[in-house]
Amino acid sequence: MSAVLDLKVRTLAPFGAEIQGIDLARLSSAEVDAIKAAWHRHDVILFRSQRLTDDQLLGFSRHFGTLDPPPNQGAGRKSPPGYPDVYIVSNVVDARGEPIGALGDGEAAWHTDMSYLPQPPDASMLYSLEIPATGGDTCFASMKLALAKMPKALVERIRGLEIKHDGTYDSGGNVRKGLAASNDPRTSTGTAHPIVIEHPVSGEPALYLGRRRNAYVMGLALADSERLLDEIWSFVEAAVYRHRWALGDVVLWDNRTTMHRRDAFDPQARRVMHRTQIKGSAAPRRASLGALQRLERLHD
C-alpha cells in the first residue's frame, strides 16, 4: 500500500487500484490531482463506502471533463427527474410496470462505451445504490496488457489498420433507438478507429476494439476481417479484474484503455446503479512509433 499525497492506494489484481479513506463529496484540489494521476496509471479506480447525491456524483464526475449525455440504448435513455446527465442502469420497474433504467438483468458483452462515435467518451463511472446478493459482477479487461501479450508479428500486422465500430446494437444486444437491425458490418452504422491507439496523457499504447458484434477491419475481405478479429479478440481476457459490488461503491474507468462486461443476475433481485460519463476530448489516436517502441521493450 502506497501513499499518494494523503491518499491510500491499494493495487488490485491483475490491474486497477482502490483508493481508500476518501469522501468523493468533499475533495480538495490536491486530492483530485492525485486521483487523476492514479487513474492514468491504473485505468480502473475503485472507491468504497461512498454516500453521494446525484449532484455530488455529477460534481465528482466534472473533475474529469465535460459531462456527456447517456447513451442511446435499445431500452431508451433513463435518467432521474432533473438529472439528464445521470444514467440509470437497473432492472427495476415502477408501479406502472415501466423500467426505471436500462440494460435489465441480462449479461452485457465485452465493449468500450460508445466507441461507434467519432469521439467516444474518455471515462465512465458507476455508483451502486442497490445490488443483488449474487451476480451482476462487472469485469474490466486491460487493453494495454492485452496488447503487451500479443506476439510482435501480430502487433506489426495490425498497427496501421482500423476497425469499424458498429453502432447498431447496445451492449445488451438490443437495436438502438432509431436504427434498423443490420448484420453486415461493411454497411452498418459506425465509425472507423485505429486498432492500436496511444493514450493522450500517459502515452501508453493500447488495443481499441469496441465490441465484437458487427466489427469490421477496414479494407479487408469480410472473411479475412473475421479471421483477424477472432485472432485479436483471443487476447482480450489477458488481464481481467472482476469487481464484486458492495453498496456505495464507485468505479471509474478509462474508456480508452479498458473494456468491460457484466454478468447476468436474478431477475427477481433489485439492482440500481447511477452512471455518468465524460465527453471524448479527441478521437482515438493511432499509436506513435515511440509508443510502439516502448511496447517492444516489454517483449524483449
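Numbers given in my numbering equal positions in the sequence shown, counted from 1, plus 33.
The C-beta atom is built at its ideal place from N, Cα and C for all residues, glycine as well.
* Asked: Rounded to a whole number of angstroms, what is the C-alpha to C-alpha distance between D127 and I133?
  -> 6 Å
* Three-way DSSP call (helix, strand, coil) for A316 in this model -> coil
* Asked: So which of M292, H144, M158, I265 has the shortest CA-CA distance to L100?
  -> Comparing alpha carbon positions, the residue from M292, H144, M158, I265 closest to L100 is M158.
* Asked: Which ranges does the alpha helix (DSSP H) cover as unbroken runs of at least 4 residues, wholly within the region 132-203, from first to last along the chain?
  -> 176-182, 185-191
* Asked: Just the Cα atoms here: how many angstroms apart are V284 and I228?
  -> 26 Å
* How far does the beta strand (DSSP E) with W286 in it reach, from first residue to last? -> Element bounds for W286: 283-287.
* To do: Quick one: residues in its chain with C-beta nearer than 6 Å to the C-beta of K177, no 5 flanking neighbours on either side, listed in chain order?
  => E237, A239, T290
* For G223, collect the residues of the same chain with a Cβ closer than 6 Å to its Cβ; drop the 5 residues on either side in sequence, then sort them by chain order. => Y149, K197, H198, D199, G200
* To do: Can you say whether D88 is buried or exposed, counting buried as having 16 or more other CB atoms within 10 angstroms of its CB?
  => Answer is exposed; the Cβ neighbour count stays below 16.
* **Identity of the residue in R327, A320, Q310 nearest P153 by Cα** => Q310
* Determine the burial state of S221: buried for a count of at least 16 other Cβ atoms within 10 Å of its Cβ, exposed for fewer. => buried
* Asked: Using a Cβ-Cβ cut-off of 7 Å (strictly less than) and excluding sequence neighbours within five positions of H75, which residues of its own chain qualify?
  -> F48, G49, A50
* To do: State the DSSP-derived secondary structure class of F80, mapped to helix, strand or coil.
  => In this structure, F80 counts as strand in the three-state DSSP scheme.
* Work out the CA separation of D203 and L212 for me, nearest whole Å. => 11 Å
* Rounded to the nearest angstrom, how far is the Cβ of V53 from that of K41, given a contact under 8 Å? -> The identity of residue 53 in the sequence shown is Gln, whereas the question assumes Val. Between K41 and Q53 the Cβ distance is about 4 Å, and since that is below 8 Å, they are a contact.
* For I14, which three-state DSSP category applies? -> No information on residue 14 is available, as it lies outside the stretch 34 to 333 that the chain covers here.
* Asked: Would a C-beta distance cut-off of 8 Å place A297 and E140 closer than the cut-off?
  -> yes
* Locate the beta strand (DSSP E) running through R295, then write down its first and last residues. => 291-295 is the span of the beta strand (DSSP E), which, as asked, contains R295.
* **Simplified DSSP state of R246, which is helix, strand or coil** => coil
* To do: Assuming R304 contacts E163 (C-beta within less than 8 Å), just tell me the rounded distance between them.
  => 6 Å
* Measure the C-alpha to C-alpha separation of A36 and D170 and round it to an integer number of angstroms. => Its pLDDT being 43, under 50, A36 is placed unreliably in this model, and the value from its coordinates should be taken loosely. Roughly 28 Å between the two C-alpha positions.
* Asked: Are there 16 or more other CB atoms within 10 angstroms of the CB of T22, so buried, or fewer, so exposed?
  -> Only positions 34 to 333 of the chain appear in the structure, and residue 22 is not among them; the question remains open.
* Asked: Hey, W72 and D287 are a contact pair by Cβ (cut 8 Å); roughly how many whole angstroms apart?
  -> 7 Å
* Cβ separation of V269 and A186, assumed to be a contact under 8 Å, to the nearest whole Å -> Wrong, their Cβ atoms sit about 19 Å apart, outside the cutoff.
* To do: Check whether the Cβ atoms of R192 and A272 sit closer than 8 Å, and answer yes or no.
  => Taking 8 Å as the Cβ cut-off, R192 and A272 do not qualify as a contacting pair.
* Looking only at its own chain, which residues have a Cβ that is under 6 Å from the Cβ of F97, when we skip the five neighbours before and after it? -> A156, I311
* Please report the Cβ distance between H226 and P103, rounded to the nearest whole angstrom; I am assuming they are in contact, meaning their Cβ atoms lie under 8 Å. => Wrong, their Cβ atoms sit about 21 Å apart, outside the cutoff.
* Nearest-angstrom Cα distance between G206 and R295? -> 13 Å
* Cβ shell of G243 (< 6 Å), same chain only, five flanking positions each side left out -> T145, S148, H198
* To do: List the whole-angstrom C-beta distance separating S161 from M306, where the pair is believed to meet the contact cut-off of C-beta under 8 Å.
  => Contact holds; Cβ gap of about 6 Å.
* Bounding residues of the beta strand (DSSP E) (the contiguous stretch that carries S94) -> Element bounds for S94: not the beta strand (DSSP E) but the alpha helix (DSSP H), 87-94.
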